[in-house]
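Here is the structure we will look at, set down as structure tokens.
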Amino acid sequence: MAFGDRGYGGMPLVTMTLLAVNLTVYAALAIMSGRVFRFDVQTVSLLGQNNASVLSGAYWQLLTSLFVHSNILHLLGNMFFLLIFGLKAEELFNASKYLCVYFVSGLCGNLMTLLMGPFTLSVGASGAIFGLYGGSVMYVRRRMRQSIIGALIYSIYLLIFNLGENVNFLSHLGGLAAGLALGYLLSTFKPRGKT
Numbered sequence: 023m024a025f026g027d028r029g030y031g032g033m034p035l036v037t038m039t040l041l042a043v044n045l046t047v048y049a050a051l052a053i054m055s056g057r058v059f060r061f062d063v064q065t066v067s068l069l070g071q072n073n074a075s076v077l078s079g080a081y082w083q084l085l086t087s088l089f090v091h092s093n094i095l096h097l098l099g100n101m102f103f104l105l106i107f108g109l110k111a112e113e114l115f116n117a118s119k120y121l122c123v124y125f126v127s128g129l130c131g132n133l134m135t136l137l138m139g140p141f142t143l144s145v146g147a148s149g150a151i152f153g154l155y156g157g158s159v160m161y162v163r164r165r166m167r168q169s170i171i172g173a174l175i176y177s178i179y180l181l182i183f184n185l186g187e188n189v190n191f192l193s194h195l196g197g198l199a200a201g202l203a204l205g206y207l208l209s210t211f212k213p214r215g216k217t
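Okay, so the sequence shown: first residue is 23 according to my numbering, each after it adds one.
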């Protein structure tokens, strides 16, 4: 069963581009702030999701916050999982479907973050990454005509495993739910030229 279209000799271009953008944004914030390992609230507020600002019309923060990370460990952890789940997603989806799953999941995760109240500041790509995981798992299970119950149980496990202080559970939940839904929808369409 053939999926995806990596192009460029099989290089995972979309995943590497997202990785490069995240690293570039982190480097730019490090240069601007003079800090490398941990940013202060003022620095992450430049592009992060400040719920009060979003509710006042700064809707762009719902997307820019996907590329901002509060510290080096946050960045490295998210980029590690972007590689794991992104490389798999890139095997399954063409570039436009991959980016759709990534950004719609990230946006849904950030919309869920608005439920945390106006004094919340949120950053990171984890909602989008949870969406890549959910989309890939659901897509494969449905295309292979396997039960989705195991995937749903493991998804719940991942959410519970990621509970903790300073962890945006609602972003993870929103991103995962969007990814699962998109994976389900994408699995229902037959590839062009295939029977």
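Here a beta-carbon is modelled for each residue, glycine too, at the ideal position from N, C-alpha and C. Remember, it's a predicted structure, so these values are computed and weren't measured experimentally.
Note on geometry: alpha-carbon atoms of residue 197 and residue 56 lie some 32 Å from one another. Rounded to the nearest angstrom, the Cβ distance from residue 100 to residue 148 is 6 Å, consistent with a contact under 8 Å. Annotated three-state conformation of residue 93 is strand, per DSSP. Between residue 37 and residue 104, the CB-CB gap stays under 8 Å. Each residue's CA atom was taken as its position, placing residue 212 and residue 75 some 42 Å apart. Under the three-state reduction of DSSP, residue 188 is assigned to coil, being neither helix nor strand. Contact between the segment 138 to 155 and the segment 84 to 91 is present: 3 or more CB-CB pairs across the two stretches fall below 8 Å. Across the set 141, 109, 163 and 59, the C-alpha of 109 shows the shortest separation from the C-alpha of residue 32. One thing to note: residue 71 has its Cβ within 8 Å of the Cβ of residue 135. Shown here, residue 60 sits in a strand according to DSSP, grouped into three states. Assignment of residue 109 by DSSP, reduced to helix, strand and coil, places it in the helix class. Under DSSP, residue 83 forms no beta bridge with any residue.
By a beta-carbon distance limit of 8 Å, residue 94 does not contact residue 125. Their separation comes to about 24 Å. Within the DSSP secondary-structure output, residue 71 pairs in a beta bridge with 144.
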